[in-house]
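Its first residue numbered 18, the sequence shown is counted upward by one per residue in our numbering. Quick reminder that beta carbons are idealized off the backbone N, C-alpha and C, glycines included. Some notes on the structure that comes next.
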Amino acid sequence: MKIALDVMGGDLAPFSNIEGAFSYIEETKDSATQLLLVGDKPTIEKAISKYPQFADNIQIIHTTEVVEMDEKPSRIFRTKPDSSLVRCIDLIKNGDADAAISAGNTGALLASSLFMLGKISGIRRPALAPFIPTEKGGVILCDAGANADVKPQHLVQFALMASAYLEVQENVKSPRVALINIGSEEGKGNELSRSAYPLLKGHIENFVGNIESRYFLNGDVDVIVCDGFTGNIILKLTEGLFKNITEFLKDSLSDNGTDVSQFMPILGNLKTKYDYEEHGGTPLLGINGIVMKCHGSSSKRSIKNAIIAVKKFHDANLINEIADRMSKHMDIFEENTTVNETQTA
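Right under this line is the structure:
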């Protein structure tokens, strides 16, 4: 398997990305996987010179451009064709890589992937589906930012894609699916939620109904679907909450004169359990290729775990699994709904 890694993408690039690749090779001893390090060749060669034992697993793809985090994403594949991000996607398109990983500009990665690779047969909207740790394991949140405005049918597709992803990543059989809402009753919510509920109930075997945001970390469901606007707010609130709770506990213990070092194992376990880096990143579900988006501040551990994840997706043939599930539910786009194409959550 060949995995293209955007060396220049992310706030900690390029060295966190390069070190993440080395960390993967060192820890897994995977000699069958070749990592394509895409970026500035002199920079990569300088880093590799310190680790000659990894040379056989590394191939350098030189690029001359970098996509900045604040650049307008929609035309990056045309304005910066020799950027490390775009070249990673191009390698998949041309059959020179089996998967791509980037911690760079999310919008640019999504737009480039959509334009260059297209969508899986039957998919109307790709989606971001991060894994969020919970009390009893974890939950997939889908969509978490790719689509601010969606139709009810799109939520059904999100549920199908996220369920397939969770079965591959966490070996969860028959994931329980819920719709995020302001109440648990079927008639609750806005027009989008009310229209999506019967579709989810009719097409998703393990749909358990609505769930309020205060309960989703309890671990009683495995997949939560929502529009990308709502999902992105939930995701960022959750990330900030976990971080602030850990810091609050440290400060409180210190202010009370407690030896914080005694509690470091507990705080360490809390950080590990709720750390986004533990799962590497989120796949762009619905794209006709394996593309993983890592957090912009990803460390080498996050990159290493992202490589592990995409290899698992590839070996499990996730793309074909999603396509097969979509083919069985295409009738949802023939059903009438009262929600317009530009429905806003």
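For the candidate residues the options, whose alpha-carbon lies nearest to that of residue i?
i, options, result
"Tyr291", "Gly306, Thr255, Leu301", "Thr255"
"Leu53", "Glu222, Asn337, Ile324", "Ile324"
"Ile109", "His331, Gly298, Ile42, Ser344", "His331"
"Ser33", "Asp166, Pro282, Ile320", "Ile320"
"Thr80", "Asp23, Gln170, Ala72, Asp276", "Asp23"
"Phe280", "Glu264, Glu295, Arg231", "Glu264"
"Thr299", "Ala120, Asp272, Asn334", "Ala120"
"Glu294", "Glu187, Gly56, Phe148", "Phe148"
"Asn261", "Asn273, Asp272, Leu287", "Leu287"
"Tyr232", "Ser269, Ser201, Asp268, Ala30", "Ser201"
"Ile93", "Asn74, Ala117, Phe132", "Phe132"
"Gly154", "Lys168, Ser138, Val167, Asn188", "Asn188"
"Asp115", "Met25, Asn334, Lys168, Ile349", "Asn334"
"Gly104", "Met25, Asp166, Glu229", "Just to set this straight, residue 104 is Arg in the shown sequence, not Gly. Closest by alpha carbon: Met25."
"Val167", "Lys46, Ser212, Ala30", "Ser212"
"Ser230", "Gly274, Thr275, Thr247", "Thr247"
"Val55", "Pro31, Pro69, Glu208", "Pro31"
"Met18", "Ile75, Thr60, Asp57, Lys58", "Ile75"
"Ile65", "Ser40, Asp47, Glu88", "Ser40"
"Tyr68", "Asp57, Ala38, Asp47, Gln51", "Ala38"
"Ile223", "Lys190, Lys46, Ser271, Asn207", "The sequence shown places Asn at residue 223, rather than the Ile named in the question. For the residues Lys190, Lys46, Ser271, Asn207, the minimum Cα distance to Asn223 belongs to Lys190."
"Asp113", "Thr45, Thr275, Gln51", "Gln51"
Are the CB atoms of residue j and residue i within a distance shorter than 8 Å?
i, j, result
"Ser130", "Val308", "yes"
"Gly245", "Ala340", "no"
"Val225", "Val242", "no"
"Val194", "Ala181", "no"
"Asn249", "Leu134", "no"
"Gly27", "Gly313", "yes"
"Glu36", "Lys310", "no"
"Ile106", "Met343", "no"
"Met86", "Asn111", "no"
"Ile20", "Val277", "no"
"Leu266", "Leu252", "no"
"Thr151", "Gly236", "yes"
"Lys329", "Gln186", "yes"
"Phe71", "Ile118", "no"
"Ile216", "Ile349", "A small fix is needed here, since residue 216 is Leu in this sequence, not Ile. It is a contact, given that the beta carbons lie within the stated cut-off."
"Asn273", "His296", "no"
"Ser210", "Leu29", "no"
Using DSSP's beta-bridge definition, name the partner residues of residue i.
i, result
"Pro300", "Met309"
"Lys317", "Looking at the DSSP assignment, Lys317 forms no beta bridge with any residue, so it has no partner."
"Cys159", "Val242"
"Lys89", "Answer by DSSP bridge pairing: none, since Lys89 is not bridged."
"Ala116", "Ile20, Ile307"
"Pro150", "Gly155"
"Lys136", "Ile304"
"Leu196", "Asn227, Val242"
"Ala144", "Leu302"
"Gln51", "Lys19"
Could you check how far apart the C-beta atoms of residue i and residue j are, in whole angstroms? I think they sit under 8 Å.
i, j, result
"Leu196", "Tyr214", "6 Å"
"Val84", "His346", "That pair is no contact at about 35 Å."
"Ala179", "Ala146", "5 Å"
"Pro143", "Leu301", "5 Å"
"Val240", "Pro192", "5 Å"
"Asn198", "Asn227", "4 Å"
"Ala128", "Pro90", "5 Å"
"Glu62", "Ile78", "So it is not a contact: roughly 12 Å between Cβ atoms."
"Ile221", "Leu183", "Not quite, the Cβ-Cβ distance comes to about 13 Å (not below 8 Å), so this is no contact."
Output yes if chain C places a C-beta closer than 8 Å to the C-beta of residue i; else output no.
i, result
"Asn74", "Reference to chain C is not applicable here, since this structure consists of a single protein chain."
#### Entry: Entirely enclosed beta strand (DSSP E) segments - the segment 54-107, minimum 3 residues
Listed in chain order, the beta strand (DSSP E) runs fully inside the segment 54-107 are 75-79, counting runs of at least 3 residues.
### Task
For the segment 219-288, list the beta strand (DSSP E) runs that are entirely contained and at least 3 residues long, ordered along the chain.
Listed in chain order, the complete beta strand (DSSP E) runs (minimum 3 residues) inside the segment 219-288 are 224-228, 240-242.
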